[in-house]
Structure formats: structure tokens, C-alpha cells
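Only one structure is covered here, and it is reproduced in the block below.
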Amino acid sequence: MKLKIAVLAGDGIGPEIMEQGVAVTTAVAEKFGHEVTYREALCGAHAIDEVGDPFPEETFQACMEADAVLFASVGDPKFDNDPTAKVRPEQGLLAMRKKLGLYANIRPVETFDCLIHKSPLKDELVRGADFICIRELTGGMYFGEKKEGTDVAYDTNLYSRPEVERILRIAYQYARRRRKHLTVVDKANVLASSRLWRKVAQEMMEEYPDVQTDFMYVDNAAMRMIQDPRFFDVMVTENTFGDILTDEGSCITGSMGLLPSASTGEHTPVFEPIHGSWPQGKGLNIANPLAQILSVAMLYEYFGLKSEGALIREAVNASLDHNIRTPEIQVEGGAKYGTREVGAWIVDYIRRK
Ligand code: IPM
Ligand code: MN
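And the structure:
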């Protein structure tokens, strides 16, 4: 297969983990005889500094012309403490989502047995938890009408029926391929937008009789995720709730640095780690490249290349089993491997297989 990949490394630890992501992509392509070409493009704080725009037109074009985007992270502390900043790196990410029509954000929440001790939850509660959060990504408060006055400000949580329908369809497709259990998370006891979600879901559930659909208020879902995370199989929710719940989800697994995600929709799909740009770790060769590498697995799998994805997952598991780990997940007394060393070990594993 021929694949054109736009590479958006962004800020902070982004370029370091991206280097490993690209190395793994190439190793897999060589192994399976795929022809992959890369095109690097600017985004985030980096792009603001260089061209004054966190998602420049040229980057948009590079994404549109690619088959897939491999994205690392954006964000820089110099913008965080300045509420007057006119442009922010995060706007680049939001512009990318909107312009590429990436309405479905797929965030798997899975545990790695060897990292369970890192979870803030008791082992017996979290072991085996494995669900997917499908987060609506181009609607709701993130993109609704806003006003930012001196004394009054608001954001509008707007959803239309087609927006709700298309994301629910994706959620049902995932549920069908998994344990056939879909939880629709909303706040229908308070919010009009949530009542639309619930109405549409109640109509659609008739079309999917093989899937068990249940409805849960978001506050209850937040609680259930820490009391009984194994309850969930596929969860679907609006943009803001999904943002919050997926941070919770990633942290209960104890492996936040390991979780990848995919954003899909109308145009080129984007594959990225769910963690941020961790500016404190920048340039120190200590960032965990595994979420980026697993994002590459999701990329290959998106194109139906299952063995390619499986080999990457196998290599990642092998690196963990051999304790080839970055400092934050290393076992006591274990050697501390850097970003580059973990990446090189995984590349080597893939080549030798
Ligand atoms: C995420 C991030 C973004 C979001 C930020 C960086 C704009 O938190 O991808 O979850 O809120 O969607
Ligand atoms: Mn978030």
C-alpha cells in the first residue's frame, strides 16, 4: 500500500516522540512492503512563533493532501498564564479538527497488566478494564457561539440532529465489533442539548437490537468509571463531557503515557497520543514514546492493515515485559531508558520479527 503521511510534531516533547513514531512507521512499512512518504508541517506554539498562526494554511493543505496525519502534541506554558494572548497553540488543534471535519474522536481506555500498580484505583477494580470512549469532536460548546465580555461571557452548547446521529452510528459500529454494550452519556435531566442526544439515541437503538443501549448522566458516569470501570464497553458522548471523561479514563488505567487516539470524519484522519506536550520534559530524552507508537498502530489498523498494527502492539508489549521503559513507568531498580532507546528497541524488535 502507498501511504502519504503528514507529520505534525508540534511542541514540547512532540518532536522527540514523533521521531520514534516515524521510525516505527518506517520499520513496519519496510517489513510489509508498504511505500510510506512523509511531509512535515508546522502547528501549535511553534507555528505561532514562525508564521503567527497555530494551524497555517500550508499545514492544512499538507493534511488535506495526505492519507493520514500523525500528530504529536501542542501547547506551551508561555501562553497558559496569559489570558490576553490573541492566539493560542490549542486553537491550532481545534482548527485542524474543524477544518478536517474530524467529528469522531476514538479514545480507547485500556489497562496494561504490568502497569496496574500505577493506577490510583485498587488492582481488583481496574484490572481488565477495557472500553472505548467515542467523543464528538467538532460540535458543542467548543465551537458554538461565544461571547467574551468584561462582565458577561457565555459559550453555546449547540447540537443538531445530523451531528448527533452520525456520531451515534460510529459508536454503534464499534459496539457491534466489541461486547455489544453502548452507554450514551449525557445530562438530559438539565440540558436541552442532552435531551436531543437522548431522543435521537432512543430512536436509533431500535436499529441496533443486538446492542444493549443504556443511558447515564455524566456525573454518574464519572463516578461509575472509578467505582466499576469494567462496566463500560463503548461510551459515546458530546465534546466537553468527552474531554473530561477521557482524562479520567486515561488516569485510572495507570498508563496515561501509553494511550493513543484516532480522530476521524470527513477528511484526512488524525492519529495522536492523548497526552499533552509536557514542556518540562522537552529535550531531556525522558518522554514515553509508547502512546505515539501505538497511534501508529491505530493508523495502520484504520487502513485495514491488521497484522501491521498487531506487530506494533506486540513490540510495545515486549518492550514493557523486558522492562525497556522510560523512567516514569520503570520498575524499582530497573535501568532507565530514554525516549530514543525505547523507540530503537521497538524498531529493532519489528525488524527482527
Ligand atoms: C484534548 C485536549 C484539547 C481539548 C485541548 C488541548 C484543546 O485537552 O484533546 O483532549 O480540550 O480537546
Ligand atoms: Mn482533553
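If you're matching positions, the sequence shown starts at 20 in the working numbering and goes up one per residue.
No residue lacks a Cβ here, since even glycine has one placed at the ideal position from N, Cα and C.
In chain order, what residues of the same chain lie with their CB nearer than 6 Å to the CB of residue i, ignoring the 5 residues before and after it?
i, result
"S269", "M275, L278 and I293"
"R332", "A316"
"G159", "N176, E257, N258 and T259"
"M115", "F74"
"P34", "A28"
"K141", "none"
"D205", "S213, W216 and R217"
Figure out for me which residue from the options has the closest Cα to the Cα of residue i.
i, options, result
"L61", "N342, A25 and T265", "A25"
"F290", "A148, C82, L89 and D95", "L89"
"E360", "Y173, L303, A194 and E257", "L303"
"A87", "T283, W364, L313 and P346", "T283"
"Q192", "D68, I343, G295 and E226", "E226"
"S212", "N176, Q221, A194 and D30", "N176"
"D95", "I365, R107 and G323", "R107"
"A194", "M224, I369, L112 and P34", "M224"
"R217", "P228, V209 and V203", "V203"
"E327", "E155, D132, I369 and R243", "I369"
Distance, Cα to Cα, residue i vs residue j?
i, j, result
"T232", "H200", "6 Å"
"P127", "I153", "8 Å"
"R196", "T45", "29 Å"
"S138", "Y122", "30 Å"
"G168", "V255", "33 Å"
"P298", "Y356", "19 Å"
"E76", "N342", "43 Å"
"K97", "G31", "12 Å"
Name the one or two DSSP bridge partners that residue i has.
i, result
"H200", "Q231"
"L27", "F90"
"D149", "E129"
"V289", "V88 and S282"
"E167", "A172"
"V55", "L22"
If residue i and residue j are in contact, beta carbons under 8 Å, what's the gap, nearest whole angstrom?
i, j, result
"V219", "L187", "7 Å"
"I312", "P346", "About 17 Å separates the two Cβ atoms, so there is no contact after all."
"A240", "L264", "6 Å"
"I348", "N307", "7 Å"
Measuring only from the beta carbon, is residue i closer than 6 Å to any heavy atom that is part of the ligand MG?
i, result
"D30", "Judged by which ligands are present, the ligand MG is missing from the structure shown, whose ligands are the ligand IPM and the ligand MN."
Got a sec? Which residues, its chain only, sit under 7 Å from residue i by beta carbon, not counting five neighbours each side?
i, result
"M83", "H286 and T287"
"G295", "S92 and G94"
"L318", "A87, L89 and F290"
"G434", "Since the displayed the chain opens at 20 and closes at 372, residue 434 lies outside it and no answer follows."
"V55", "L22, I24, T44, T45 and A48"
In its own chain, which residues sit with a C-beta less than 8 Å from the C-beta of residue i, not counting the 5 before and 5 after it?
i, result
"K165", "A172, Y173, D174 and T175"
"D229", "R195 and K199"
"M20", "H53, E54, F322 and L324"
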